[in-house]
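Trainee: This is the structure I want to talk about, given as structure tokens.
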Amino acid sequence: MSIKAENIEYVYSEGTPFRTIALDNINLKINEGEFLGIIGHTGSGKSTLIQLFNGLEKPTQGKIFINDELVGENKKNLKDIRKTVGLVFQYPEYQLFEETVYKDVAFGPLNLELSSQEIDERVKEALELVGFRYQDIKDKSPFDLSGGQKRRVAIAGVLAMRPKYLILDEPTAGLDPMGRNEILDQIKKLHKNSSMTVILVSHSMEDIARLVQRIIVLYKGKIHMHGTTKEIYSQAEELKRIGLGVPQVVEIMGELQKNGFEINKNILTVEEAKQEILKALRRN
Ligand code: ADP
Ligand code: MG
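Just so we're on the same page, this note's numbering is the position in the sequence shown counted from 1, plus 51.
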């Protein structure tokens, strides 16, 4: 089971003076169960790429396979793919419109012709997966919730479809630090406690470092770098050259090392940094 992209090219506004090559020669495979980060500047092609993964858009050139099935073959196939691949758009809370949280989360499953009992189960499960207590939240108006909570409700709406792959486009954009942490912690738990494949799209190095196992760096529509989180962050100079930078703790550890501290450079979190600095201090 996997998502595979083969020689993907995507062009906007073909045949006009505004022609833009958004994706160029993309080859990648996302394996079932993994936690992948896709990172890049604004305009690097992230959103375009993930919209190909559930058949929302068709590549100009190349092929996408979901579980070895070619995407876009026929309508039935597209419907199945949209159940398999759940896409949470940027600012998904703008799409909340029902008067209760329950109704909003039930919206997708209602189109699947399920029994009302099954819909209840799915709504409850999805809301609990994003950290709510079903009884406390189900009858609330989405509009009375905080920004982070609204976003979690929107994510629950996608989870209620029980996708195998969950793709989140900039899920922390525009949230305050508390909202960001709330969302990231929930996503982390979600991946840990389920067999779901999670693809996190972000331009934030801090967010990506905390969560993912493998990173794809998009730059000007191409895969510029590709490796485990530690491999990518050990190339701080190249990341800086393309204007992405590294998480602050990676930066600090790099500086300490340059200044003669004996420390391991492969540090991604503040906790790891603390342990490493304490060790170095004890040695001195
Ligand atoms: P990202 O999500 O990384 O910010 P996008 O996939 O949105 O990148 O954009 C990739 C490129 O495609 C950019 O150059 C952007 O300007 C262009 N682009 C995106 N959407 C459209 C569109 N609807 N029409 C024309 N060009 C677009
Ligand atoms: Mg985008």
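Where a beta carbon is used, it is the ideal one built from N, C-alpha and C, also for glycine.
#1: Hey, is E108 close to ligand 2, as in C-beta under 7 Å from one of its heavy atoms?
#2: Considering only the alpha carbon of each residue, which of D236, H254, D171 lies closest to Q200?
#3: Closest to L251 by CA distance: which of E179, G305, A56, V139 is it?
#4: From which residue to which residue does the beta strand (DSSP E) around A211 run?
#5: For a test of the three-state rule: what should DSSP assign to I267, helix, strand or coil?
#6: Could you give the first and the last residue of the continuous beta strand (DSSP E) run that contains K55?
#7: Give the straight-line distance between the Cα atoms of I218 and N315, rounded to the nearest whole angstrom.
#8: Since M276 sits in a beta bridge, which residues does DSSP pair it with?
#9: Could you name the residues whose beta carbon sits closer than 6 Å to any heavy atom belonging to ligand 1, keeping them in chain order?
#10: Starting from D220, trace the beta strand (DSSP E) both ways and give me its first and last residue.
#11: For a quick check, are the C-beta atoms of A211 and G294 less than 8 Å apart?
#12: Roughly how many angstroms separate the alpha carbons of K175 and Y185, rounded to a whole number?
#13: To which residues of the same chain is L79 closer than 6 Å at the C-beta, ignoring the five residues directly before and after it?
#14: Let's test the definition: count the other Cβ atoms within 10 Å of the Cβ of P214 and tell me whether it reaches 16, buried, or not, exposed.
#15: Since N78 is in the beta strand (DSSP E), which residue starts that stretch and which ends it?
#16: Where does K97 land, buried or exposed, given buried means 16+ other C-beta within 10 angstroms?
#17: Per DSSP, what kind of secondary structure is L147 in: helix, strand or coil?
#18: Between P110, I234, G106, which lies nearest to N125 when the distance is taken from Cα to Cα?
#19: Starting from T248, follow its DSSP beta bridges and name the residues at the other end.
#20: Near G182, what residues of its chain come up, given a Cβ to Cβ distance below 7 Å and the 5 sequence neighbours on each side ignored?
#21: Cβ of D220 versus every heavy atom of ligand 2: is any distance shorter than 7 Å?
#22: CB of Q141 to nearest heavy atom of ligand 2: below 7 Å?
#23: Count the other C-beta atoms from every protein chain shown that fall within 10 angstroms of the C-beta of S192, then say buried if there are 16 or more, exposed otherwise.
#24: What residue range is occupied by the uninterrupted alpha helix (DSSP H) comprising I303?
#25: To the nearest angstrom, how far is the alpha carbon of D171 from that of A157?
#26: Just the Cα atoms here: how many angstroms apart are E60 and K325?
Mentor: So, from the listed chains and residues:
#1: Locating residue 108 in the sequence shown gives position 57, counting from the first residue. Answer for E108: no, Cβ out of range of ligand 2.
#2: The residue you call residue 200 lines up with position 149 of the sequence shown. Taking only the C-alpha atoms, the option nearest Q200 is D236.
#3: Translated into the one-based positions of the sequence shown, residue 251 becomes position 200. Restricting attention to E179, G305, A56, V139, the CA atom closest to the CA of L251 is found in V139.
#4: In the sequence shown, the residue the question calls residue 211 occupies position 160. That residue, A211, is in no beta strand (DSSP E); it is neither H nor E in DSSP.
#5: Along the sequence shown, one-based indexing puts residue 267 at 216. The answer is strand: DSSP assigns I267 an E or B state.
#6: The residue you call residue 55 lines up with position 4 of the sequence shown. Taken as a continuous stretch (DSSP letters only), the beta strand (DSSP E) holding K55 covers 53-63.
#7: Numbered from its first residue, the sequence shown carries residue 218 at position 167. Numbered from its first residue, the sequence shown carries residue 315 at position 264. Taking the straight line joining both Cα atoms gives about 32 Å.
#8: Walking along the sequence shown from the start, residue 276 turns up at place 225. Beta bridge pairing from DSSP links M276 with V268.
#9: Y63, S64, T71, A73, G91, T93, G94, S95, G96, K97, S98, T99
#10: To locate residue 220, count along the sequence shown from 1; it is residue 169. Note, D220: beta strand (DSSP E), 216-220.
#11: Stepping through the sequence shown from its first residue, residue 211 is reached at position 160. Stepping through the sequence shown from its first residue, residue 294 is reached at position 243. No, these two residues do not count as a Cβ contact at 8 Å.
#12: Your numbering for residue 175 matches position 124 in the sequence shown. Your numbering for residue 185 matches position 134 in the sequence shown. CA-to-CA, the gap between K175 and Y185 works out to about 6 Å.
#13: The residue labelled residue 79 in the question sits at position 28 within the sequence shown. Cβ within range, chain order: A56.
#14: Your numbering for residue 214 matches position 163 in the sequence shown. A residue is called buried when at least 16 other Cβ atoms come within 10 angstroms of its Cβ; P214 meets this threshold and is buried.
#15: Residue 78 sits at position 27 when you count from the first residue of the sequence shown. Unbroken beta strand (DSSP E) run through N78: 71-82.
#16: Taking the first residue of the sequence shown as 1, we reach residue 97 at position 46. It counts as buried.
#17: Locating residue 147 in the sequence shown gives position 96, where the first residue counts as 1. Here L147 sits in coil by DSSP.
#18: Position 74 of the sequence shown, counting from 1, holds the residue named residue 125. Of the candidates P110, I234, G106, the one whose C-alpha sits nearest the C-alpha of N125 is G106.
#19: Taking the sequence shown and counting its residues from 1, one reaches residue 248 at position 197. Partner(s): Y216.
#20: Here the question's residue 182 lines up with position 131 in the sequence shown. The residues are R203, Q237.
#21: Position 169 of the sequence shown, counted from the first residue, corresponds to residue 220. Yes - ligand 2 has a heavy atom lying nearer than 7 Å to the Cβ of D220.
#22: As a position in the sequence shown, residue 141 is number 90, starting the count at 1. At least one heavy atom of ligand 2 is found less than 7 Å from the C-beta of Q141.
#23: To locate residue 192, count along the sequence shown from 1; it is residue 141. An exposed status is given to S192, since fewer than 16 other beta-carbon atoms sit within 10 Å of its beta-carbon.
#24: Residue mapping note: residue 303 aligns to position 252 of the sequence shown, counting from 1. Taken as a continuous stretch (DSSP letters only), the alpha helix (DSSP H) holding I303 covers 299-309.
#25: Position 120 of the sequence shown, counted from the first residue, corresponds to residue 171. Position 106 of the sequence shown, counted from the first residue, corresponds to residue 157. So the two alpha carbons sit approximately 8 Å from each other.
#26: In the sequence shown, residue 60 corresponds to position 9, counting from 1. In the sequence shown, residue 325 corresponds to position 274, counting from 1. Going by the C-alpha atoms only, they are around 44 Å apart.
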